[in-house]
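In full-length UniProt numbering, the protein residues as written are 1 to 215. Scroll down for the structure; my scribbles are underneath it.
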Amino acid sequence: MPHPDRLLELREAGIVAVLRAPNTEAALRAVDALIAGGITAIEVTYSTPEPARVIREIIRNHGDAVYIGAGTIVHPGQAREVAEAGARFLVSPGTAPSLAAEMIATGGVVMLGAMTPSEVMLATSLGADAIKIFPASLGGPAYLGSLRGPFPEVPLMPTGGVTAANISQWFAAGAIAVGAGSDLCSPTAMAEGDWDRIEATARSFSSALAEARGR
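The following block contains the structure:
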């Protein structure tokens, strides 16, 4: 099991915005809006053009105000590229031993993707700090709760199907944090440059998190 301190910032942030932006400018403007709305953990995916450049710019603009990571890591070399750019956590949608080893070698927090109990066991055995349950929308909070039975101490982060309306259900089911993509940072809003909409959505997610935590 990972040392609890390695996941402290993830637990405190609670929500990871999974950013899939059409271009660098949209990515940076979306991050500005997300942070203004109270979302402090950002996962820049490889679906976004030039993710390493985006990560460097986010760090330059926001510094310690953001917990920055990178996701959709599926090819050799990607983990090192984004880690060198400053990504502090690395996320893959699945679990591949060789790729996991590259991610772990960076020293960053590693989240490997899994859906079934066997995949959770494999990801844990390879040294993942947390397990990304994906696509979590397939089973919902009830499925996450079922995984908690055999894996009570494994840090689970569901991604997919997370909305402001159901955040409390995910945490009640045992999530240590949640990942939210298009429901939080709408591709349509980014394409239209509607940064106010993204900020407003971020605020609704932040409020829902605070309510789920009883704050």
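We put the beta carbon where it would ideally sit given N, CA and C, even for glycine.
Subject >> For residue 83 and residue 138, the rounded distance between their alpha carbons >> reply: 31 Å
Original post:
For the candidate residues 32, 24 and 103, whose alpha-carbon lies nearest to that of residue 196?
Top reply: 32
Original post:
For residue 228 versus residue 73, is the C-beta spacing smaller than 8 Å?
Top reply: This structure does not reach residue 228, given that the chain is present from 1 up to 215, and the question cannot be answered.
Original post:
Are residue 130 and residue 7 close, meaning C-beta to C-beta below 8 Å?
Top reply: yes
**OP:** Report, in whole angstroms, the separation of the C-beta atoms of residue 151 and residue 93, which I expect to be a contact under 8 Å.
**Re:** Not really, about 19 Å apart at Cβ, beyond 8 Å.
Original post:
To which residues does DSSP link residue 19 through a beta bridge?
Top reply: 44
Subject >> Proximity of residue 95 and residue 136 at Cβ, strictly below 8 Å >> reply: no
Subject >> Residue burial classification, residue 76 (beta-carbon count within 10 angstroms, cutoff 16) >> reply: exposed
Original post:
In three-state terms, what does DSSP make of residue 115?
Top reply: coil
**OP:** Return yes when the Cβ of residue 41 is within less than 8 Å of the Cβ of residue 19, no when it is not.
**Re:** no
**OP:** Can you tell me which of the three DSSP states residue 184 falls into?
**Re:** coil
Subject >> Complete runs of the alpha helix (DSSP H) confined to the segment 144-212 [at least 4 residues] >> reply: 167-172, 187-192 and 195-212
Subject >> Coil, strand or helix - residue 136 by DSSP >> reply: helix
Original post:
CB-CB under 8 Å to residue 117, same chain, minus the five flanking residues each way: which ones, in chain order?
Top reply: 147, 150 and 151
Original post:
Do you know whose CA, among 59, 36, 55 and 71, lies nearest residue 45's CA?
Top reply: 71
Subject >> Residues that residue 71 bridges to, as DSSP identifies them >> reply: 45
Subject >> Which listed residue (155, 21 and 204) has its alpha carbon closest to that of residue 127 >> reply: 155
Subject >> Close Cβ partners of residue 5 (< 8 Å) along its chain, the five nearest in sequence each way excluded >> reply: none
Original post:
First and last residue of the beta strand (DSSP E) that includes residue 91?
Top reply: 89-91
Original post:
For the alpha helix (DSSP H) that residue 51 lies in, which residues bound it at each end?
Top reply: 51-62
Original post:
Does DSSP put residue 110 in a helix, a strand or coil?
Top reply: strand
Original post:
From this set, 198, 157, 108 and 105, which residue's C-alpha is nearest residue 171's C-alpha?
Top reply: 157
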